[in-house]
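**Student:** In UniProt numbering, the protein residues as written are 1 to 346.
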Amino acid sequence: MLLSTTALLRRSRPLSAHTSLSLSQRFSSRTMDIVASATAKEIRPSATLIVAAPNNANDYNYKVLMMKRNAKSSFIHAHVFPGGVVDKHDDASLWQPLLKQQPTPELTNKICAIRETFEESGLLLTYPPATSIQDKHVWRERVHNDASQFKVLCETHGLVPAVDRLTPFANWITPGAEKRRYNTHFFLTVWTPDSVAQADGTETVQLDWFSPKEALEQWRQRGIVLFPPQWYSLESMVPIQDHVNLTAHAGIGALRTSNGNVSTVMPQHNPVNDPTWSDRGYHTFLAYPGDEYYLDLVHGQPTGRPGDRHRIYIRGRMEDFELEKNVNVPEQSTPSSSSTIKKASL
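What follows is the structure in structure tokens.
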């Protein structure tokens with residue numbers, strides 16, 4: 001079943017043989033660039049956590065935590081989910097005595113996501129809940145200045161990061177044209193906060209709780225700034241009104257395959273040649289897995305057939321987005337644990 005969204009869903013006419021040849025030639029010239037770009041050494045591993053908390057919001061019984069970045073960050077004034085770059089002290093092998101689990105790259109990313117969420121919002125996702133910590137603000141500052149202090153915090157207060165509550169949701173690699181590039185693993189959790197979340201005043205200057213529809217409506221009214229990964233994450237959550245169904249169903253067909261595996265996405269820029277879109281001011285689009293223009297990140301081969309659409313059209317400088325989608329992400333979509341992508345995520 002295709003993901004139900006408010007976005008435009010339509011199938012274009014099949015391409016002619018002449019056009020197919022042009023596409024084939026174009027793919028051939030792009031293949032090496034795409035594969036090389038996906039494994040570039042300058043890509044920094046990072047992790048993000050989408051925190052959904054039970055809270056009645058019109059048609060929804062949950063709200064999602066979002067934070068406004070400061071003017072000096074990579075996401076200038078944008079609303080994002082808490083997260084940041086993986087630190088060497090997030091390495092799961094260092095946490096094995098506490099977690100009692102075999103270290104894996106995914107576990108490292110989960111620890112990073114939980115640590116960054118604590119730094120940026122003050123929410124601490126642990127077992128047991130960290131309600132008894134009186135000087136949490138002091139620890140927050142310590143962890144912000146030195147990531148190794150997060151493990152010290154957990155050991156001092158007998159806490160264990162709630163890594164089992166984090167569901168892999170998406171994996172985004174910044175396009176090759178960008179100066180700062182990240183391989184970001186998105187996780188999703190439904191969590192009842194044990195304290196009031198607050199922006200840290202440095203990296204983040206504002207904190208908000210929105211239902212998916214509320215966030216997108218704020219964006220449409222120019223109340224907040226969103227970039228494609230956050231916009232599409234929220235868009236994929238729109239059909240899910242009950243938080244009980246979030247981790248199982250959100251993003252299926254869009255960012256995750258039908259069996260829940262995360263699809264690695266490195267958005268691929270393409271010019272718009274269809275006057276249906278260009279006449280409305282959309283001059284570029286980002287192709288995603290399953291689109292006829294999207295090349296897989298290992299072999300550089302097209303992931304879709306002629307007419308397959310999984311893309312976001314962009315108007316202006318990230319001023320407006322519109323989704324065109326008539327396929328689900330392929331089941332064979334490049335897994336984030338593949339040997340090729342792993343080089344960029346460790």
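All C-beta atoms, glycine included, are put in the ideal place defined by N, C-alpha and C.
Please list, in chain order, all residues of the same chain as residue 89 whose beta carbon is under 6 Å from its beta carbon, the five residues on each side excluded.
**Tutor:** Within the same chain, residue 89 has close Cβ partners 147, 148.
**Student:** Over what stretch of residues does the alpha helix (DSSP H) that includes residue 233 continue unbroken?
**Tutor:** 228-237
**Student:** Decide if residue 309 is buried, meaning its Cβ has at least 16 other Cβ atoms within 10 Å, or exposed.
**Tutor:** buried
**Student:** Drop a sphere of 10 angstroms on the beta-carbon of residue 293, count the other beta-carbons inside from all chains shown, and report buried for 16 or more, exposed for fewer.
**Tutor:** buried
**Student:** Please check the pair residue 62 and residue 243, which I expect to be a contact at CB under 8 Å, by giving their CB distance rounded to whole angstroms.
**Tutor:** 4 Å
**Student:** Taking residue 46 and residue 182 to be in contact with their CB atoms under 8 Å, please state how far apart those CB atoms are, rounded to whole angstroms.
**Tutor:** Right, the Cβ-Cβ distance comes to about 5 Å (below 8 Å), so this counts as a contact.
**Student:** Unbroken alpha helix (DSSP H) runs of length 4 or more, entirely within the region 144-224: which are they?
**Tutor:** Listed in chain order, the complete alpha helix (DSSP H) runs (minimum 4 residues) inside the region 144-224 are 149-157, 212-220.
**Student:** Compute the distance between the beta-carbons of residue 170 and residue 251, then report whether it is under 8 Å.
**Tutor:** Contact: yes.
**Student:** Express the C-alpha separation of residue 95 and residue 104 in angstroms, rounding to a whole number.
**Tutor:** 11 Å
**Student:** Tell me the rounded alpha-carbon separation between residue 128 and residue 158.
**Tutor:** 8 Å
**Student:** For residue 6, name the three-state secondary structure that DSSP assigns.
**Tutor:** The pLDDT assigned to residue 6 is 34, lower than 50, so where the model puts this residue is not dependable; a value taken from the coordinates is nonetheless given after this. In the structure shown, residue 6 sits in coil (DSSP, three-state: anything other than H, G, I, E or B).
**Student:** Hey, quick one: how far does the beta strand (DSSP E) through residue 45 stretch, first residue to last?
**Tutor:** 44-57 is the span of the beta strand (DSSP E), which, as asked, contains residue 45.
**Student:** Going straight from the alpha carbon of residue 24 to that of residue 288, what length do you get?
**Tutor:** Because residue 24 sits at a pLDDT of 49, beneath the cut-off of 50, its placement in the model cannot be relied upon, and the following sentence gives the value as read from the coordinates. CA-to-CA, the gap between residue 24 and residue 288 works out to about 18 Å.
**Student:** Which word fits residue 136, buried or exposed, when buried means at least 16 other C-beta atoms lie within 10 angstroms of its C-beta?
**Tutor:** buried
**Student:** Measure the Cβ-Cβ separation of residue 143 and residue 119 and say whether it is below 8 Å.
**Tutor:** Yes, the pair counts as a contact, with Cβ atoms nearer than the cut-off.
**Student:** In chain order, what residues of the same chain have a beta carbon less than 6 Å from the beta carbon of residue 234, not counting five sequence neighbours either side?
**Tutor:** Excluding sequence neighbours, residue 234 sits near 212, 215, 216.
**Student:** Using the rule of at least 16 other Cβ atoms within 10 Å of the residue's Cβ for burial, across every protein chain shown, is residue 52 buried or exposed?
**Tutor:** It counts as buried.
**Student:** Mark residue 327 as exposed unless 16 or more other C-beta atoms lie within 10 angstroms of its C-beta, in which case mark it buried.
**Tutor:** Label assigned to residue 327: buried.
**Student:** Below 8 Å on the Cβ atoms is my guess for residue 167 versus residue 188; work out the distance and round it to an integer in Å.
**Tutor:** Sure, about 5 Å apart at Cβ, within 8 Å.
**Student:** Sort out for me which residues DSSP pairs residue 270 with in a bridge.
**Tutor:** 285
**Student:** Per DSSP, what kind of secondary structure is residue 256 in: helix, strand or coil?
**Tutor:** In this structure, residue 256 counts as strand in the three-state DSSP scheme.
**Student:** Would you kindly report the start and end of the unbroken alpha helix (DSSP H) that includes residue 107?
**Tutor:** 105-121
**Student:** Go to residue 99, then tell me how far its alpha helix (DSSP H) extends in each direction, as first and last residue.
**Tutor:** 96-99
**Student:** Please state the DSSP three-state secondary structure of residue 330.
**Tutor:** Correct three-state label for residue 330: coil.
**Student:** Assuming contact is defined by CB atoms lying nearer than 8 Å, are residue 79 and residue 312 in contact in what I supplied?
**Tutor:** no
**Student:** Is the Cβ of residue 224 closer than 8 Å to any Cβ of chain D?
**Tutor:** Although the question refers to chain D, the structure presented lacks it and comprises just one protein chain.
**Student:** How would you write the range of the alpha helix (DSSP H) that residue 347 sits in, first residue to last?
**Tutor:** This structure leaves residue 347 out entirely; the chain is present only between 1 and 346.
**Student:** When you compare only the Cα positions, how much space is there between residue 116 and residue 300?
**Tutor:** 34 Å
**Student:** Can you have a look at residue 324 and say buried or exposed, based on whether 16 or more other CB atoms are within 10 angstroms of its CB?
**Tutor:** buried
**Student:** Among 208, 108, 179, 131, whose alpha-carbon lies nearest the alpha-carbon of residue 163?
**Tutor:** Taking only the C-alpha atoms, the option nearest residue 163 is 108.
**Student:** Taking residue 246 as part of the alpha helix (DSSP H), name the residues at either end of that continuous run.
**Tutor:** 246-249
**Student:** Grouping DSSP H, G and I as helix and E and B as strand, with all else coil, what is residue 275?
**Tutor:** helix
**Student:** Which residues in the same chain as residue 291 place their Cβ atom closer than 8 Å to its Cβ, once the five residues preceding and following it in sequence are excluded?
**Tutor:** Closer than 8 Å at Cβ, skipping near neighbours: 303, 304, 308, 309, 310, 311, 327.
**Student:** Does DSSP put residue 86 in a helix, a strand or coil?
**Tutor:** coil
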